[in-house]
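To keep things clear, I will list the structure first and then write my remarks on it.
There are 2 protein chains.
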Amino acid sequence: MARLVDVIEDMIKEMIDENDGIATINRSQLASQANCVPSQITYVLSTRFSSGQGYIVESRRGGGGQITVTRVEFVNKFEYLKEMIDAIGNAVTQQQAKNLLEGAVTSGAITHRDGEIIMSAVSDRALGLVESDIRSKVRAQIMKNLLLALISE
Amino acid sequence: MARLVDVIEDMIKEMIDENDGIATINRSQLASQANCVPSQITYVLSTRFSSGQGYIVESRRGGGGQITVTRVEFVNKFEYLKEMIDAIGNAVTQQQAKNLLEGAVTSGAITHRDGEIIMSAVSDRALGLVESDIRSKVRAQIMKNLLLALISE
DNA sequence: TAACTTTGACTTTCTTTGACAATTAGATTA
DNA sequence: TAATCTAATTGTCAAAGAAAGTCAAAGTTA
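If you're matching them up, the sequences are chains U and H in order. Under this note's numbering, the first residue of the first sequence is numbered 15, with each subsequent residue one higher. Under this note's numbering, the first residue of the second sequence is numbered 15, with each subsequent residue one higher.
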């Protein structure tokens, strides 16, 4: 008996394949197709389509709301950024972030300007409102999303 | 089933495009064209055509009353970003952020690419670990820092 | 037993609708 | 002429509706 997560994962991947790398999902509709509760879809998205796995997930609530899942292709050019995303893992301090970014700039993987921009988003100043015990995790999350955005243009 | 807001938003933008940057709207007439109640037009104007998004909305009630929507001609980047930072205030939802960024891209204050990058840093996904009651505040903080980084290049 | 999955009640966000208020131009009246 | 009425407009606000998100408890599996 195939697990529900796997079934749903496959359904979404198929949608992505059939649509040039982008799936547009109606959560409750997909849930009823898969015969499960809507929050199961959310679970699959967060465990199988994370930024570390190379996917960008966006959504909006309310009437006409929807979820889009974009697969990011890691072509050679972006190998470095992929490594970087791995290196970030699930937490980075401000200093580590800075070091990683400097390395990326030096190696030519990103421009100086992009490095500055990213740093401004993950600085302690920008994240001042985030409780310090989770700040490094939030920073990691943001940084991975930013890097994927750079890759996916 | 396109969202009504989007349909109306497009109608207004088309009017603006066709009239040298200024749309003159009769609210109830536009409402019946779009097959909705008049207050829907007001809603679209306030969520999609705010000053932070690069538009000036003026109106007059009474007989012969009307609404004019003017797209702000690009003055200078600095001014625009300042407006935007004001509009952000100390909290923004994901959708508001998106709308603001789209306005900035349209008016040429930031590039499409930068818009995408900023959005990726302030998306609900990126901020998923932040407790939801302060997420909008954290988003505002990050977004303002990013815009400041753009200003100070 | 520890990690992962499944479920569902509850929350948050965004949209749509409608009743009612405020404003204005122009017509009518005193 | 000045005051008043009337019809034509937009503005406001809260309730209802339509998604997706959260979280913790219960169930499964390795």
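Virtual Cβ for every residue (Gly too), placed ideally from N, Cα, C.
Alpha carbon to alpha carbon, how far is residue i from residue j?
i	j	result
Leu141(U)	Ser46(H)	46 Å
Asp24(H)	Leu161(H)	27 Å
Leu95(H)	Ile36(U)	31 Å
Asp138(H)	Gln108(H)	6 Å
Ile61(U)	Asp20(U)	Ile is not the amino acid found at residue 61(U); the sequence shown has Thr there. If I take the Cα positions, the gap works out to 11 Å.
Leu44(H)	Gly77(U)	21 Å
Glu116(H)	Val106(H)	14 Å
Val119(U)	Glu32(U)	36 Å
Val152(H)	Ala135(U)	11 Å
Ile81(U)	Ile39(U)	5 Å
Thr56(H)	Lys27(H)	15 Å
His126(H)	Asn90(U)	24 Å
Cys50(U)	Asp100(H)	44 Å
Glu145(U)	Glu145(H)	9 Å
Ala16(H)	Gln54(H)	15 Å
Between residue i and residue j, is the Cβ-Cβ spacing less than 8 Å?
i	j	result
Glu130(U)	Glu130(H)	no
Lys158(H)	Ile124(H)	no
Met133(H)	Ala111(H)	yes
Pro52(H)	Ser65(H)	no
Ile156(H)	Arg85(H)	no
Ile148(H)	Leu18(U)	no
Gln67(H)	Asn113(H)	yes
Phe88(H)	Gly122(H)	yes
Among residues of its own chain, excluding the 5 on either side of residue i, which ones have a beta-carbon nearer than 6 Å to its beta-carbon?
i	result
Ile22(U)	Ala48, Val58
Phe63(H)	Tyr69, Val71, Val83
Asp34(H)	none
If we define contact as Cβ-Cβ less than 8 Å, is residue i a contact residue for chain H?
i	result
Gly66(U)	no
Arg62(U)	no
Gly10(U)	Here chain U comprises residues numbered 15 to 167, so residue 10(U) is not present and cannot be evaluated.
Val71(U)	yes
Arg74(U)	yes
Please decide whether residue i counts as near chain U, where near means a Cβ-Cβ distance under 8 Å.
i	result
Val144(H)	yes
Ser150(H)	no
Ser53(H)	no
Ala135(H)	yes
Asn49(H)	no
Leu59(H)	no
Glu28(H)	no
Arg41(H)	no
Asp138(H)	yes
Asn10(H)	Nothing about residue 10(H) can be reported from this structure: the residues present for chain H run from 15 to 167 only.
Gln109(H)	yes
Ile131(H)	yes
Using C-beta distances below 7 Å, list every residue in its chain close to residue i, excluding the 5 sequence neighbours before and after it, in chain order.
i	result
Phe128(U)	First, the residue type needs correcting, since residue 128(U) is Asp and not Phe in the sequence shown. Counting only Cβ-Cβ distances below 7 Å, and skipping sequence neighbours, we find Leu164.
Ser150(H)	Ala105, Val106, Thr107
Arg74(U)	Gln80
Met98(U)	Leu114, Ala118, Leu161
Ala154(H)	Ile102, Gly103, Asn104, Ala105, Val106
(Q) List, from N- to C-terminal side, the beta strand (DSSP E) runs of 3 residues or more that fit wholly inside the region 31–96 of chain U. (A) Along the region 31–96 of chain U, the beta strand (DSSP E) occurs as fully enclosed runs of 3 or more residues at 36–39, 69–74, 80–85, listed in sequence order.
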